[in-house]
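Using the working numbering, read the sequence shown as starting at 19 and increasing by one per residue. Beneath this line is the structure, given in C-alpha cells, with notes to follow.
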Amino acid sequence: EGEEGNTKTLTFEQLHKEVNKAANGLRSIGLGKGDAIGIFMPMTPEIAIALLAIAKIGGIILPLFSGYGAGAIVSRMNDAGAKALFASDGAYRRGRAVEMKSIADEAAAQIPTLKHMIVLKRTGQDVRMTSGRDHWWGDLVDPQPDSAETEVTSAEDPLMIIYTSGTTGKPKGALHTHCGFPVKAAQDMAFGTDVHMGDVIYWMTDMGWMMGPWLVFGSLLLGATMFLYDGAPDFPGPDRLWSLVARHKINQMGVSPTLIRSLIPHGEEPFRRHDLSSLKCFASTGEPWNPDPWMWLFEKVGRGKLPIINYSGGTEISGGIVMGNPLMPLKPCAFSAPCPGMAADVLDENGEPIRNAVGELVIKAPWIGMTRGFWKDRPRYLDTYWSRWENIWVHGDFAAVDNDGLWYILGRSDDTIKIAGKRLGPAEVESILVAHESVVEAAAIGVPHDVKGSELVLFAVLRPGVERNEALRRELSDMVVAGMGKPLAPKSILFVSDLPKTRNAKVMRRMIRAAYLGLDPGDASSLVNPEAVEEIKKGN
C-alpha cells in the first residue's frame, strides 16, 4: 500500500512472472552474473521484484536506503563497482511527492562504472532522462517475456552487499551469499515470529536496511505473504499503522521502540478504532526497549495476549543472534534465548562467561548467514569482530543473562558509560527518563571527567506541549539519582526536539556524543534527521 492509498497485490505466480520480466530486462542491456546493481527505490512491489531479478541473473544486490543523499550512494556504488541502478522518479512522504531521480542523477555523475539506470514511475513527476543510460521501468521490463532461466550459482557465490555505517571512516560492506542470507532469514522468521504458509508479515523497514531483504527472502521461502508500505506510519493520522493491520489482515508486525514511543502520546483511541484481531504477535528490532513503551504495547494494544518477539542481531549476521518466540517465557524488554544455530554467550572483561552482570555479546561458532567479510576490506573485518579474543566473534553489544536464563541487549558496547569504575549501558539510564510522563525519548552518553573518568549527560525529547524549564530538569535529575545513585547524578540534561536516528530507528549515541563534544560525528549518511545533530551542536 502506498501512502496515497493505492494498493497492489501479487500472487506467487504473478510475482514469479514479474521477476522473470525484470531479469530479462537486465540481460537485454548486457547485465549478468557477478554484476553489482544498486536499488534506490521506495517500498513498492517493484523493489522486491528488482531485488529478486538481480539474484535470478546471478548479480550482486546493493540495497540503498531510500532517503540517502548522492554522497552516500556514490561511496557505496563505487566501492562495489556497480554497473546499474534501479531508481524511482520519487516517493510519497507525508502527503507530498519527494524527488529521488535528481539525487540518483547527481550520484551517477560520480560513478564511473555505472552504465544503466532503470527508473520506476512512482509519482509522475517530471524528471530528466539521460539518453542511452536511463530506461523507464515500463519500457524496459514490461514488454519482456515472463519466463527466464535462473543463473546457476554456487552456495558461496556473492548474493548481496549490505552497507552499514561504521563509527569512523567509510561504510562497511557486509558480503552475503546465495545460500547464507535467505536461509538464515527464513529460519529466524519461522522460529522467532512463528510465520506459517499463508501468514501476512509486515516489518516497518526500508530495503536499504538488512530487515528489508530479510522480509523478502524469509517470507517467500516460508510461503508467507510479505506486506510492503511506502509512506509514514503516522500519516495522515496516528492510526495509519493500525489501519494497515485491519485492512490487510496482518498477522505478524515488526515495529521499533521509537515508533511505539511516538504513538503513546496519542492515547488508545487510534488503535481502538480498528480491528486488530488478525495479529498473532508483535516483533521488534534495531534498538533496546524501555519497560514503559513495552508494557504499553503489550497491555494496551495487545491486551496482554500478543507476545512481543524481541529480535537482535545485525547486518553482518543476516538476522538475529538472540530472539524471543511464542513458546518460551518472556519478560519485558527481554529475549528468550539465542536463535537456533547461534552459539551466543556473554563474556566478562577477561573473556569468561558471566551471568547476572553486563558483559560483551559474543558468538563462539560459525552460523548459516554469517557474512563472508567486508567487501574488499578483510583487515577491517578481522579487526572489527575477531581482534579481541581468539576465534570468538565480538559483536559490539553489551548483554546480560538473568537467573531465569532470559537475555537482555543493553546497547552498543561503544556506547558504554563507565563512571567511577561502574560500567553501565545507556538504556538503563534512559529507561528512567522515559518513565516520566513528560518524556517521549531519551539518550544517555558519557563525557570525560578528570576524577570519575566519565560523567553522564542526558538528552530528552519532551511530549508536545510540555514546557522546557529548570524545574522539570531538576525533577528528571532527581529521578536518575534515585534510580542509579548519587555518584551517577547527571552533569546536565538537555531538552532537544529529536534524537539522531537511522531509518530503522537506531539512536546514534556516538553522533550525539561527538556533536556535544564538538567532534567530527563521522558518516551521517544513514540518518533520517541530520538536523538533530546540528541542534545538539548549536544547543551546546
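Cβ atoms here follow ideal geometry from the backbone N, Cα and C, with glycine treated the same way.
Can you check whether the CB of residue j is closer than 7 Å to the CB of residue i?
i           : j           : result
residue 217 : residue 337 : no
residue 107 : residue 145 : yes
residue 425 : residue 340 : yes
residue 169 : residue 75  : yes
residue 392 : residue 399 : yes
residue 228 : residue 180 : yes
residue 382 : residue 361 : yes
residue 208 : residue 177 : no
residue 547 : residue 516 : yes
residue 481 : residue 458 : yes
residue 484 : residue 475 : no
residue 198 : residue 386 : yes
residue 95  : residue 47  : no
residue 507 : residue 499 : yes
residue 226 : residue 83  : yes
residue 452 : residue 460 : yes
residue 470 : residue 427 : no
residue 297 : residue 277 : no
residue 389 : residue 182 : no
residue 520 : residue 495 : no
What distance in whole Å lies between the Cβ atoms of residue j and residue i, which are believed to be in contact at a cut-off of 8 Å?
i           : j           : result
residue 61  : residue 105 : About 14 Å; that fails the 8 Å criterion.
residue 203 : residue 235 : 5 Å
residue 463 : residue 511 : Not confirmed; about 12 Å, so no contact.
residue 300 : residue 273 : 6 Å
residue 555 : residue 523 : About 22 Å separates the two Cβ atoms, so there is no contact after all.
residue 175 : residue 194 : Contact doesn't hold; Cβ gap of about 10 Å is too wide.
residue 55  : residue 102 : 5 Å
residue 40  : residue 67  : 5 Å
residue 312 : residue 282 : About 11 Å separates the two Cβ atoms, so there is no contact after all.
residue 210 : residue 342 : 7 Å
residue 366 : residue 359 : Between residue 359 and residue 366 the Cβ distance is about 25 Å, and since that is not below 8 Å, they are no contact.
residue 275 : residue 308 : 7 Å
residue 250 : residue 373 : Going by Cβ atoms, the distance from residue 250 to residue 373 rounds to 42 Å, so no, they are not a contact pair.
Would you call residue i buried or exposed, if buried means 16 or more other Cβ atoms sit within 10 Å of its Cβ?
i           : result
residue 215 : exposed
residue 270 : buried
residue 32  : exposed
residue 38  : buried
residue 293 : exposed
residue 345 : exposed
residue 493 : exposed
residue 164 : exposed
residue 134 : buried
residue 420 : exposed
residue 394 : exposed
residue 526 : buried
residue 30  : exposed
residue 537 : exposed
residue 254 : exposed
residue 368 : exposed
residue 149 : exposed
residue 295 : exposed
residue 24  : exposed
Look up residue i in the DSSP assignment and say whether it is helix, strand or coil.
i           : result
residue 402 : helix
residue 393 : coil
residue 221 : strand
residue 363 : strand
residue 454 : coil
residue 449 : helix
residue 155 : helix
residue 186 : Confidence at residue 186 is low in this model, with a pLDDT of 43, below 50, so its placement is unreliable and the value that follows should be read with caution. If DSSP states are grouped into helix, strand and coil, residue 186 belongs with coil.
residue 328 : strand
residue 414 : strand
residue 232 : helix
residue 466 : strand
residue 477 : strand
residue 204 : helix
residue 504 : helix
residue 371 : strand
residue 471 : strand
residue 144 : coil
residue 78  : strand
residue 292 : coil
residue 196 : coil
residue 175 : coil
Indicate whether at least one CB of chain D lies closer than 7 Å to the CB of residue i.
i           : result
residue 105 : Structure shown: chain D not included; a single protein chain is present.
Is any heavy atom in the ligand MG found nearer than 6 Å to the beta carbon of residue i?
i           : result
residue 212 : Questions concerning the ligand MG fall outside what the structure shown contains, since it holds no ligand whatsoever.
- Query: Contact between the region 277–295 and the region 420–435: three or more CB pairs below 8 Å?
  - Reply: Short answer: they don't touch.
- Item | Any 3 or more C-beta pairs closer than 8 Å across the region 300–309 and the region 328–337 | With three or more CB-CB distances shorter than 8 Å, the region 300–309 counts as touching the region 328–337.
- Task: Indicate whether the contact test is met: 3 or more Cβ pairs, each with one atom in the region 408–415 and one in the region 376–390, closer than 8 Å.
- Result: yes
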